[in-house]
Structures are given as C-alpha cells and as structure tokens.
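**Q**
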Amino acid sequence: GGNDAAVFAGDVTGDVTVPDGVALQIDPGTVIKFDSDRRLVGLGSLDVNGTAASPVVFTSVSDDTVGEDLTPESTTGSAGAWKALFAQSGDWDVDHAEIRFGGNGQGSLFISESLDPTSGGSHSTFANVAVVDSADYGVEIQPGSPTLPAVDVINSADAAISQGPAAEPDYRSVSASG
Numbered sequence: 710g711g712n713d714a715a716v717f718a719g720d721v722t723g724d725v726t727v728p729d730g731v732a733l734q735i736d737p738g739t740v741i742k743f744d745s746d747r748r749l750v751g752l753g754s755l756d757v758n759g760t761a762a763s764p765v766v767f768t769s770v771s772d773d774t775v776g777e778d779l780t781p782e783s784t785t786g787s788a789g790a791w792k793a794l795f796a797q798s799g800d801w802d803v804d805h806a807e808i809r810f811g812g813n814g815q816g817s818l819f820i821s822e823s824l825d826p827t828s829g830g831s832h833s834t835f836a837n838v839a840v841v842d843s844a845d846y847g848v849e850i851q852p853g854s855p856t857l858p859a860v861d862v863i864n865s866a867d868a869a870i871s872q873g874p875a876a877e878p879d880y881r882s883v884s885a886s887g
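Heads up: the sequence shown runs through residues 710 to 887, numbered per my numbering.
1) What does a CB cutoff of less than 7 angstroms around Ala876 pick up in its chain, not counting 5 residues either side in sequence?
2) So the beta strand (DSSP E) Asn837 belongs to, where does it begin and stop?
3) Along the chain, which unbroken stretches of the beta strand (DSSP E) at least 3 residues long are found entirely within the region 710-769?
4) What's the C-alpha gap between Arg809 and His832?
5) Taking the beta carbon of Glu807 as the centre, do at least 16 other beta carbons fall within 10 Å, making it buried, or is it exposed?
6) Can you give the beta carbon distance from Ser771 to Gly811, rounded, assuming they're within the 8 angstroms contact cut?
7) Could you tell me the boundaries of the beta strand (DSSP E) in which Glu807 lies?
8) Output needed for Asn864: all residues of its chain with C-beta closer than 8 angstroms, excluding positions within five of it in sequence on either side, in chain order.
9) Where does Tyr880 land, buried or exposed, given buried means 16+ other C-beta within 10 angstroms?
10) With a CB to CB cut of under 6 angstroms and the five nearest residues on each side skipped, what residues in its chain are close to Asp756?
11) Straight-line CA distance for Val775 to Leu752?
12) Let's see if you can read the secondary structure: which residues bound the beta strand (DSSP E) around Pro858?
13) Can you find the residues in the same chain that come closer than 6 angstroms, C-beta to C-beta, to Ala715, ignoring five residues on each side of it along the sequence?
14) Just confirm the distance between the C-beta atoms of Gly814 and Asp845, as a whole number of angstroms; I'd bet it's less than 8 angstroms.
15) Would you mind giving the Cβ-Cβ distance between Ala796 and Phe819, rounded to the nearest angstrom? I have them listed as a contact below 8 angstroms.
16) Quick check: Pro737 and Val766, are their CB atoms within less than 8 angstroms of each other?
17) What would DSSP say about Glu962, mapped onto helix, strand or coil?
18) Skipping 5 residues on each side, what residues in its chain have a beta carbon closer than 8 angstroms to that of Ser871?
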C-alpha cells in the first residue's frame, strides 16, 4: 500500500511485478538484464528517468555490449532472448530508454492500460524510447491511450507497431527501420 519507492538494478532472474500503489524509479544509466523468458510487469507506477547521455537500458543477460558482463563466456544478445516490458497501468513515464532483444511471444513493449488498477492512472508516456531487435512486434498496444512523443523501432521481426481495435495512442513521432 501507499506510494513506496524502490530502486532496482541488475539481473532479473524471475518475473518482476510492480504492484498497485508502488512506484518504481529507475535512475539514468541503469542497465537491467533479463534472463530468458522473463519480464517486468507494471501495475503500479514506473518512472524511467534516463537522459540522452545516460539512457536506461532493458536488455538480455547475454548482451555484453552494455553494463556488467553477467555470463561466464563472451555473448551477444539475440531477438526474443526475454519477454517484454508490460505496461499494464497508465502510470508509466519513460524517458530516454532502450529496450533490446525482447519480444519472446509478444511486443517488446506491451501496453495494455485497460488493466490499470491504480487510482489516478490515466495515460502512459514513452519519450525517446528505442526498441531494438524484437523477435515479435516492437511495440504492441492493446486497450489504452499512451502517448508516444518519440519512439524508434529498429529491426523488429514483425510489424514495428501492432495496435488493437480498442487502442487510442497519441503518436507524435514514431519511426521504424530495419
């Protein structure tokens, strides 16, 4: 309960859920690496506070190009190495982030604000976000009205963006390549 704050950095070895009423704040330059088939689910608030010089990076545990090397051998990330970021509340404020090598079974960034249990939650914002090397959609939007002021999807195996019939996103600047 309440509006507790938590800071997390490192290797995600199990699914992580930010519960209703909890705010997770992620500082600039933080690198979060996911084990195979893992995800971050946000029912509460998620504030990703990256900067242009120090973005927050969500990636595979195998991605040795950023952060600490967490595997005994030299490895590189590959599309679909982990699941996704599941924005299930309208309380996500993401600025300057990279989402790499996700998309195991759904979009690397999966937005479904219809499941928002948080009172006061309205619409999430994803600014200056790069979704890179997704094995599925880059961004998948089900019901919800997120704002995407600056999103780049690069090398998505499926469509860059998938939008369900009940989704009403505000696309301000979205690009797709690769």
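Ideal placement from N, C-alpha and C gives every residue a C-beta, glycine not left out.
The structure presented is a predicted model; accordingly, all values stated were derived computationally and were not measured.
**A** In this structure, then:
1) Ile850, Gln851, Pro852 and Gly853
2) Thr834 to Val841
3) 713-715, 719-721, 725-727, 731-735, 740-743, 749-751, 754-758 and 765-769
4) 24 angstroms
5) buried
6) Not really, about 12 angstroms apart at Cβ, beyond 8 angstroms.
7) Trp801 to Arg809
8) Ala788, Val841, Asp842, Ser843, Ser886 and Gly887
9) exposed
10) Gln734 and Asp802
11) 28 angstroms
12) Thr856 to Ile863
13) Reliability fails at Ala715, whose pLDDT of 42 lies under 50, so the model's placement of it is uncertain and no value is given.
14) 7 angstroms
15) 7 angstroms
16) no
17) A question about residue 962 goes unanswered here, because the residues of the chain that appear run from 710 up to 887.
18) Gly816, Tyr846, Val848, Glu849 and Ile850
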